[in-house]
Each structure stands twice: as structure tokens, then as C-alpha cells.
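Written below as C-alpha cells is the structure these notes are about.
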């Protein structure tokens, strides 16, 4: 009879324990998902990934300056306006300056002259 009187409270406790366990499992699954998302985000800022992006940016910059030069050469066949030449030189020099800065930083980085602090 004493056991029967405790039956309802035991069922209640069992139900509460099951709910707490289910909630803990759901939170654990969410935790793993958040950790995976965090790892993906942090990867974007890993030194090797940033160096790769810098090298791609340098290549893109080189391609842009070469495209500008090709466009100028093709258009200069039909026009010889000195202001076109001045404008081309200004744009081309700026593109090449950025390109060479990126290459220089990439070379320094690859040779270990760029130091990362994780603070």
C-alpha cells in the first residue's frame, strides 16, 4: 500500500526525468551543430586560407591590369588621343601598384616574415 501511494509521484518524477533527458539530448545536438558552424567560420580566418585569398586577389589584380592593357592596345589602333594615354597610364599604374603590393605581402607571408598573434 505504501508503494501504491508513491506510484503517482514516481510516474511524475519519471516523466520529468524523461523530459529533462530529451531536452539535454536536443541541446547536445544543437551544441554539435553550433560547434560545426563555428569551425566553418573560423576556417575563413585561418592564416593559410587568408594567404590563399591574398594570392587569388593578386592573380585577379594581374588579370585586371592585363585586360586594361589589352583594351587600351585594341582601342589605340583607332584613336590616338593623348588624354586616353594619360588616363590609361594612371589606371594601369594603380592596378599594378596594388598587384605588386599583394605579391610582396604574399611573398613575405610565405617566407614567414608575417607573424600572427592569436589574441
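Numbering (my numbering), first residue to last: 4 to 122. Beta carbons are placed, not taken as given, at the ideal position from N, Cα and C, and that holds for glycine. Just so it is clear, the structure is predicted and the values come from calculations on it, not from any experiment.
Point to revise | Beta-carbon proximity of residue 68 to residue 102, cut-off 9 Å | key: yes
Check your understanding: Using DSSP with H/G/I as helix, E/B as strand and the rest coil, what is residue 159?
Key -> Given that the chain is displayed from residue 4 to residue 122, the structure contains no residue 159 and the question cannot be resolved.
**Study point:** Reduced DSSP category for residue 49 - H, G, I as helix; E, B as strand; rest coil
**Key:** coil
Point to revise | Anticipated Cβ contact below 8 Å, residue 61 with residue 105, distance rounded | key: Confirmed, about 4 Å.
Review point. Taking Cβ to Cβ, would you say residue 57 is nearer than 9 Å to residue 119?
Key: no
Point to revise | Endpoints, alpha helix (DSSP H) assigned at residue 89 | key: 85-113
**Study point:** Burial state of residue 7 (16 or more Cβ within 10 Å)
**Key:** The residue is exposed, with fewer than 16 neighbouring Cβ atoms inside 10 Å.
Review point. Which of the three DSSP states, helix, strand or coil, is assigned to residue 81?
Key: Coil.
Review point. By a C-beta neighbour count over all protein chains shown, 10 Å radius and 16 as the cutoff for buried, is residue 41 buried or exposed?
Key: exposed
Practice item. Please go through the same chain and pick out, in chain order, the residues whose beta-carbon is closer than 6 Å to the beta-carbon of residue 54, but skip the five residues on each side of it. Key: Apart from the 5 residues on each side of it in sequence, residue 54 sits with its Cβ closer than 6 Å to the Cβ of 112 in its chain, given in chain order.
Practice item. Quick one: measure Cβ to Cβ for residue 80 and residue 95, integer angstroms, because I've assumed they're closer than 8 Å. Key: At roughly 17 Å, the Cβ-Cβ gap does not stay under 8 Å, so residue 80 and residue 95 are not in contact.
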